[in-house]
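Here our numbering is used: the first residue of the sequence shown is 1311, the next is one more, and so on.
Heads up, the thing below is written out as structure tokens.
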Amino acid sequence: MADEFIDLDAQAREERGPTLCQKIGGWLPSASFTAYVVLSALAATVAVYHAFDTRQYLYDALVYLSTSKVNLTIMANLFVAVVLSLVLAVTTLTVGTVEPDERERVWSAAQFAVVDLAFNLTVFREEVTVWMLLRLILLLAAKYFHELFDARMDNLERHGMAGPLRHVRLLAGLALFAVADVAAAASYAQTVADSEPSVAIMFAFEHASLALSACLVAYRYLLWSVEQRMAQEWRAKSTYFAWGSLAVNVLKLAINLVYLFVIYRAFGMPLIMVREVIRSGKAVVREFSAITAALRLRHLISQRFHVLSVEDVAAIEDKTSHPSQRQGSP
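Next up, the structure:
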């Protein structure tokens, strides 16, 4: 009997949904992450206090902070903690609670992104500095958000998403990161144009590719919105999406070819980056093959199964109605 009351109580809690405390707890960082951020801030504060306490002048203290390996490590760790805090805050504002399948997908994509960037950095191994590593962390954060938006769009297409606020947050996040990627790509391109080729080339093309990915997610959301306003199933949606995906993949292939050409002119043939060109080329061929197969199938169906016009339907109705009239006449 007690077990039945326990089951009924659990079922009632599930029907009511999460409580206010559970909702607030889902939006807050974990205790371990909070402790990491606090300890990082305390370590940086101690390092800065020690530098200004042992040096009489401001310039000497700044030189000490920028040349000491221990201080550089502490400051870099503080930068990582600040970036992670901003990532958590922006995730809460733009996406909200991250679902388990989204978290798994983002984690898998992050592993591949780190490996790819590590391979690409071998071309610029002589330019590896603390500032470059900090910019790399920002690039990884941007990749994280773009993959998260893509995963959220998949869930939106499968299960839907209740509440207009979630749609506004998703679109605002897409617009924010698309503008940020375009601005970052333009800034890095201007840096390359004003000086000799450097690691800024990689950052420029990476952010340009991320901007295209954001445009594709926005295009998917547009198609989904149009489908929701239709009374019947929109069968042409997959065709429109295939054309949009093909256009984005063609632009990515063009970007990768230009990227490969620029790197080849400056540093020689990078065999590692040829893989990205091959990957983009395969995506273009796959999308183009899918579109041509769909068009070929549609043409075959239209040939074998004649589409009835209004005149054909009227003629069929006349043929079916005449025998009944003859049978009813005396």
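We treat Cβ as the ideally placed atom computed from N, Cα and C, and that holds for glycine.
Residue i vs residue j beta-carbon contact at 8 Å
| i | j | result |
| --- | --- | --- |
| V1509 | F1434 | yes |
| A1593 | L1520 | no |
| L1484 | A1528 | yes |
| E1597 | L1556 | yes |
| A1524 | H1456 | yes |
| R1462 | V1405 | yes |
| A1386 | L1444 | yes |
| Y1498 | F1513 | yes |
| L1522 | K1562 | yes |
| L1448 | V1393 | yes |
| A1391 | V1347 | yes |
| I1565 | A1625 | no |
| I1511 | I1573 | yes |
| Y1367 | V1416 | no |
| F1551 | R1575 | no |
Nearest-angstrom Cα separation, counted from residue j out to residue i
| i | j | result |
| --- | --- | --- |
| M1583 | V1558 | 19 Å |
| L1398 | Y1369 | 35 Å |
| L1450 | E1516 | 10 Å |
| W1441 | D1491 | 19 Å |
| R1581 | L1446 | According to the sequence shown, residue 1581 is Leu rather than Arg. When rounded, the distance between both Cα atoms is 21 Å. |
| L1533 | A1354 | 48 Å |
| T1407 | F1577 | 44 Å |
| L1349 | F1429 | 32 Å |
| F1422 | R1365 | 45 Å |
| T1630 | R1614 | 24 Å |
| H1477 | R1545 | 24 Å |
| D1460 | L1607 | 30 Å |
| G1470 | E1437 | 46 Å |
| T1432 | L1567 | 19 Å |
| D1363 | D1464 | 54 Å |
| D1628 | V1595 | 50 Å |
| R1468 | P1507 | 45 Å |
| I1384 | A1341 | 21 Å |
| G1591 | V1560 | 8 Å |
| V1400 | Q1500 | 28 Å |
| F1271 | P1474 | The question about residue 1271 has no answer here: the residues shown for the chain are numbered 1311 through 1640. |
| T1599 | H1609 | As written in the sequence, residue 1599 is Ser, which differs from the Thr given in the question. Looking at the two C-alpha atoms, the distance is approximately 15 Å. |
| F1343 | E1409 | 19 Å |
| L1396 | A1345 | 16 Å |
| F1571 | E1414 | 35 Å |
| D1504 | E1543 | 53 Å |
| A1496 | T1439 | 22 Å |
| L1526 | M1579 | 30 Å |
| S1378 | Y1359 | 14 Å |
| R1539 | Y1569 | 41 Å |
For residue j and residue i, believed in contact at Cβ under 8 Å, the rounded distance
| i | j | result |
| --- | --- | --- |
| L1352 | A1361 | In fact, because the Cβ distance is near 15 Å, the residues do not count as touching under 8 Å. |
| A1357 | N1381 | 5 Å |
| W1553 | I1601 | 7 Å |
| E1412 | L1481 | E1412 to L1481, Cβ: 17 Å. No contact. |
| T1549 | A1494 | The pair is not a contact, with the Cβ atoms about 33 Å apart (cut-off 8 Å). |
| L1403 | R1479 | 7 Å |
CB contact below 8 Å: residue i versus chain D
| i | result |
| --- | --- |
| L1458 | In the displayed structure, chain D is absent; only one protein chain is listed. |
Residue i beta carbon near the ligand ADP (any heavy atom closer than 7 Å)
| i | result |
| --- | --- |
| F1429 | Looking for the ligand ADP in the displayed structure turns up nothing, as the structure carries no ligands at all. |
Completely contained alpha helix (DSSP H) runs for the segment 1521 to 1607, where each covers 4 or more residues: 1547 to 1577
Contained beta strand (DSSP E) runs [length at least 3] in the segment 1377 to 1463, N- to C-terminal order: none
3 or more residues per run - each beta strand (DSSP E) lying fully within the segment 1473 to 1523: none
Alpha helix (DSSP H) segments (min. 4 residues) lying fully within the segment 1346 to 1378: 1368 to 1377
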